[in-house]
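Top line first, the protein sequences correspond to chains A and B.
Sequential numbering from 1 applies to the first sequence in the working numbering.
Sequential numbering from 1001 applies to the second sequence in the working numbering.
For each residue, glycine too, the CB sits at the ideal point set by N, CA and C.
This structure is a prediction, so every number in the text was calculated from the model and none was measured.
Working notes, structure below.
2 protein chains.
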Amino acid sequence: MDQDLLRELEKRLDEIWEDHVLRPLETLVSIPTVSARSQGLVEGAQAVADLARAVGFQPRIVEVEGSAPFVLGAMDAGASQTLLLYNHFDVQPEDPVDLWDSPPFSLTQREGKLYGRGVADDKGHIVARLAAVRIAQDVLGKLPLNIRLLMEGEEEVGSIHMAQLLDTYEEDVRADFCLWESGSVGPDGRPELYMGMKGILTLELVARGPQRDLHSSVGVIVPNPLWRLVQFLAALKDEQEKIQIPGFYDAVVPPTEADRSAVQGIPLEIVQTWHQEWGVATFLTGVDGHAAILRLLFEPTININGIHGGYGGPGSKTVLPATATAKLDIRLVPNQDLKDIFRKFVAFRDQLGFRDIEVRAVSGQEGPARTPLDDPFVQLVAQTAGVVYQKPPILYPMVAGSGPMAYVRNRLKVPVVGCGVGYHGSRAHAPNENIRIQDLRLGILHVAYLLATFSS
Amino acid sequence: MDQDLLRELEKRLDEIWEDHVLRPLETLVSIPTVSARSQGLVEGAQAVADLARAVGFQPRIVEVEGSAPFVLGAMDAGASQTLLLYNHFDVQPEDPVDLWDSPPFSLTQREGKLYGRGVADDKGHIVARLAAVRIAQDVLGKLPLNIRLLMEGEEEVGSIHMAQLLDTYEEDVRADFCLWESGSVGPDGRPELYMGMKGILTLELVARGPQRDLHSSVGVIVPNPLWRLVQFLAALKDEQEKIQIPGFYDAVVPPTEADRSAVQGIPLEIVQTWHQEWGVATFLTGVDGHAAILRLLFEPTININGIHGGYGGPGSKTVLPATATAKLDIRLVPNQDLKDIFRKFVAFRDQLGFRDIEVRAVSGQEGPARTPLDDPFVQLVAQTAGVVYQKPPILYPMVAGSGPMAYVRNRLKVPVVGCGVGYHGSRAHAPNENIRIQDLRLGILHVAYLLATFSS
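In structure tokens form, the structure reads like this:
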């Protein structure tokens, strides 16, 4: 029964491949929807809405004040349950263009792969999910689920209007489950599913000293904003990498036994890959193996994105600068709260006596979110992946990165699972972004099979 | 007698003013001797040599391997004692040019001032001293002192070949006393003399993390070079501003009673000026008044000139950078030793476990140097200043800045005193560098009178 259904879906996929997979992907990739430059987003939303309409959705393009267009869509099958598909049609800038082997905004096929900005993140997934709905509908006649679409054009700039969107349109995206934007296949061909994302709080610190740059000889009596930054930042962590902000860990939910067990199931090769690809022999505090994975997924931390102040050219310049800035991102885990952590950060600054350092949150804050491994939806996505990929999926209870998952997970109170058509070599955000055709096929079949399984 | 001699010198100065003060200064300023760009130094050395020859010196233009030309000069009066005049004919770059009210390399007179790059630092002093020798000679018939010249073209880039120069030409600059390159008149019209300079050790620190910039989400396990820099730098000082490097203060000679008394004699207005001009309400550890002056002159410290690494543009970028750099200058006081402090710095780095941070000395290191206040030469320069300026001089046992004084003071073992024609508004190194004509006159008369006093 399983295999028969799968074969039917596969056959139908072959039939629609050119017109409803490759052509639509070609169309989407050709539109440079670079949200960092506010470019192509109206055209991109229109193209996504057109594709959704062709599959049978009733799409709407909506905006909230100051936002890029969102595409919402509904396909009512009269079913009792509703699946939400979250994706985004904006992409990262294509720079540096000269490192691309084919034009970034022109879908190019070579050696079994499809190249172009956004094929992995996230246009390939938009096309894959619409194609999955199409073939499931074609094969089953009628979908066993209502489906809703939530597709945004600002994911790559921090989903800065998602909260406002939900204030107005929450009813339109209400659902019982959600498939998250994307996912990948690991080096061993096993599909990787993830059920949570860290949150991110990005901060800018500005330290001010004298009213203009001074000759450095006065540094023995004049406060130097670089020293101030250094002293404050150093106080944030101890030698064991523990954040020293009082209450920072209060809301942290430690990994469960099931989480630890899932982490143990992640092939250790990934850690070797990290060592090699990053050129890092020893991780912080010497952690390695599954303990390193566990820490990567479940520990919050503070990272310094940049420090800039004073002279940075060749040789030396004896200057005491007037200002210095640092940019930080704080990675949060469930159930840390963005506002609470921001408050505690500022309170710690005050307590240490660094009120002269201005702290401001930079836009694009995202809360942490996760769905427990024992949620039935997680189990269904995993089980169907096993059938389609013919290999057991690798379950990531969390990933280290951040995204707007908390808006859906915590506000709509639905289980959220990420899966998709990328792979370990997809180069999302980088030149020569690509997906493998075989992964695209399997990704479509997985979602189609998942949809069909709701009826069985 | 004093006043008669002074009047004679003054009269002679009036006579030579146009041809042997203004014209030579015009010539020197017109040559853009910008050592940072290796510009105009050959021409500048030639012009200085020509001026010296016109006064009666036998000048030589010499070089050591890789150096700009030096001008050495001797005027043998058959006297038993020899005075060395140290000056430099190179200048700081003129940038930003658009902030100048007249062309930087064209001597311009307005409102009793002379404008142009180098008039205060240090071409005005070259002209003033040669003019002083000229009028003293004219008035006395024969100088009571032999005079030697040591004029370099690399002071503004750290006198990087001075040690090599002395290895070869020490005999040619041997003397019994030395007048240092420059000096100023304070807001109250009192001449400021200084008898010492701090040393400077400039360092560049490079921290290396992963082999390429990584996504910041891995910051919970991957060492971040910015964190490494922050942690190492923070360990260098405690909250009381004490440097934590073992042995850092071992060789420090504390100020004597005479030093403290001289500092007490410095008018406190200077400290108010610092507060206002720098826009700094509170100095480090709350020090103020004469205690702030004492600390500025006699305490060594470490200053951060710059830190650069990671993202510094608008908004945020979630990056963990591959490298980060910091530039430091360490200000040394007598008798700290450059090599000893460098060794201790590196040893402290190793002891703290930061061998991953590369430390290298940047060229232009200068040792600390000072001449005691009770040296007879100091007293003579001060006494003659009192006569010429008709106000008691302000004695700075040390200044906070650095220069090549140690080469002369410590190698030639001669007393060194700085005095000169600048003033508190001279804007050395900045646009609209200028001196006041009245200060130029008094500065010439002071040196001429000092020369004459050796015979009385």
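Whole angstroms is fine: what's the gap from residue i's alpha carbon to residue j's?
{"i": "Ile304/A", "j": "Met151/A", "result": "31 Å"}
{"i": "Asp176/A", "j": "Lys413/A", "result": "8 Å"}
{"i": "Asp1172/B", "j": "Ala1406/B", "result": "17 Å"}
{"i": "Ile1200/B", "j": "Ile1435/B", "result": "27 Å"}
{"i": "Ile1293/B", "j": "Gly1443/B", "result": "25 Å"}
{"i": "Ser1456/B", "j": "Pro1024/B", "result": "The pLDDT assigned to Ser1456/B is 48, lower than 50, so where the model puts this residue is not dependable, and the model offers no usable value."}
{"i": "Arg1228/B", "j": "Pro96/A", "result": "29 Å"}
{"i": "Gly56/A", "j": "Arg148/A", "result": "11 Å"}
{"i": "Thr453/A", "j": "Leu28/A", "result": "29 Å"}
{"i": "Glu1239/B", "j": "Glu1277/B", "result": "26 Å"}
{"i": "Ala1207/B", "j": "Ala1361/B", "result": "15 Å"}
{"i": "Lys237/A", "j": "Ala1234/B", "result": "12 Å"}
{"i": "Asp1101/B", "j": "Ala1120/B", "result": "16 Å"}
{"i": "Phe1348/B", "j": "Ile1245/B", "result": "6 Å"}
{"i": "Gly1078/B", "j": "Leu1143/B", "result": "9 Å"}
{"i": "Pro1191/B", "j": "Gly219/A", "result": "25 Å"}
{"i": "Pro225/A", "j": "Glu111/A", "result": "53 Å"}
{"i": "Gln164/A", "j": "Val62/A", "result": "12 Å"}
{"i": "Leu1320/B", "j": "Leu445/A", "result": "37 Å"}
{"i": "Val139/A", "j": "Arg12/A", "result": "7 Å"}
{"i": "Gly1425/B", "j": "Asp1167/B", "result": "38 Å"}
Helix, strand or coil for residue i? Go by DSSP, reduced to three states.
{"i": "Ala77/A", "result": "coil"}
{"i": "Lys413/A", "result": "coil"}
{"i": "Trp1274/B", "result": "helix"}
{"i": "Arg1110/B", "result": "strand"}
{"i": "Leu179/A", "result": "strand"}
{"i": "Ala324/A", "result": "strand"}
{"i": "Phe1449/B", "result": "Inspection of the sequence shows that residue 1449/B is occupied by Tyr rather than by Phe. Residue state, collapsed to three classes: helix."}
{"i": "Phe70/A", "result": "strand"}
{"i": "Lys1142/B", "result": "coil"}
{"i": "Leu236/A", "result": "coil"}
{"i": "Glu1156/B", "result": "helix"}
{"i": "Pro59/A", "result": "strand"}
{"i": "Gly443/A", "result": "helix"}
{"i": "Val319/A", "result": "strand"}
{"i": "Leu1005/B", "result": "helix"}
{"i": "Ser456/A", "result": "With a pLDDT of 48 at Ser456/A, under the threshold of 50, the modelled position of this residue cannot be trusted, and the question is left open."}
{"i": "Asp1121/B", "result": "coil"}
{"i": "Thr27/A", "result": "helix"}
How would you list, in chain order, the residues of chain B whose beta-carbon sits under 7 Å from the beta-carbon of residue i?
{"i": "Asn303/A", "result": "Ser1216, Gly1219, Asn1224 and Leu1320"}
{"i": "Gly279/A", "result": "Pro1210 and Gln1211"}
{"i": "Ala234/A", "result": "Val1230, Gln1231 and Ala1234"}
{"i": "Thr202/A", "result": "Ser1316"}
{"i": "Ala292/A", "result": "Ile1221"}
{"i": "Glu192/A", "result": "Within 7 Å Cβ-Cβ: nothing; Glu192/A doesn't reach chain B, min ~16 Å."}
{"i": "Trp100/A", "result": "Under the 7 Å cutoff, chain B gives no residues; its nearest Cβ is about 18 Å from Trp100/A."}
So residue i and residue j are supposed to be a Cβ contact under 8 Å. How far apart are they, rounded?
{"i": "Glu366/A", "j": "Ser402/A", "result": "5 Å"}
{"i": "Leu179/A", "j": "Leu83/A", "result": "7 Å"}
{"i": "Asp1213/B", "j": "Ala1322/B", "result": "5 Å"}
Could you name the residues of chain B that residue i contacts, counting a contact when the two beta carbons are closer than 8 Å?
{"i": "Lys317/A", "result": "Asn1305, Gly1306 and Lys1327"}
{"i": "Gly401/A", "result": "His1215 and Ser1217"}
{"i": "Lys198/A", "result": "Ser1217"}
So which residues of chain A does residue i contact, with C-beta pairs closer than 9 Å?
{"i": "Gln1039/B", "result": "Correct list: empty, because the minimum Cβ distance to chain A is about 16 Å."}
{"i": "Arg1260/B", "result": "Result: empty, since nearest Cβ-Cβ is about 17 Å, beyond 9 Å."}
{"i": "Tyr1311/B", "result": "Asn305, Gly306, His308 and Lys327"}
Taking Cβ-Cβ distances shorter than 9 Å, what residues in chain B pair up with residue i?
{"i": "Tyr86/A", "result": "Per Cβ cutoff of 9 Å: no residues; Tyr86/A is ~20 Å from chain B at best."}
Identify the contact partners of residue i in chain A, using a Cβ-Cβ distance below 7 Å as the criterion.
{"i": "Val1362/B", "result": "Gly315 and Ser316"}
{"i": "Val1287/B", "result": "Ile221"}
{"i": "Phe1283/B", "result": "Ile221 and Val222"}
Compute every distance between the C-beta of residue i and the non-hydrogen atoms of the ligand GTP, then say whether any falls below 7 Å.
{"i": "Thr108/A", "result": "This structure lacks the ligand GTP; in fact it carries no ligand of any kind."}
Query raised in the report: Per the contact definition of three or more C-beta pairs closer than 8 Å, is the region 116-131 of chain A in contact with the region 20-36 of chain A?
Result: yes
Report task. Inspect the CB distances between the region 1361-1375 of chain B and the region 1250-1266 of chain B and report whether three or more fall short of 8 Å. Result -> yes
Query raised in the report: Okay, do the region 1412-1426 of chain B and the region 1327-1345 of chain B touch, 3+ Cβ pairs below 8 Å being the bar?
Result: The region 1412-1426 of chain B makes no contact with the region 1327-1345 of chain B; the number of CB pairs closer than 8 Å stays below 3.
**Report entry** the region 60-74 of chain A in contact with the region 38-48 of chain A per 3-pair CB rule at 8 Å
**Finding:** yes
Query raised in the report: Okay, do the region 263-274 of chain A and the region 1264-1281 of chain B touch, 3+ Cβ pairs below 8 Å being the bar?
Result: no
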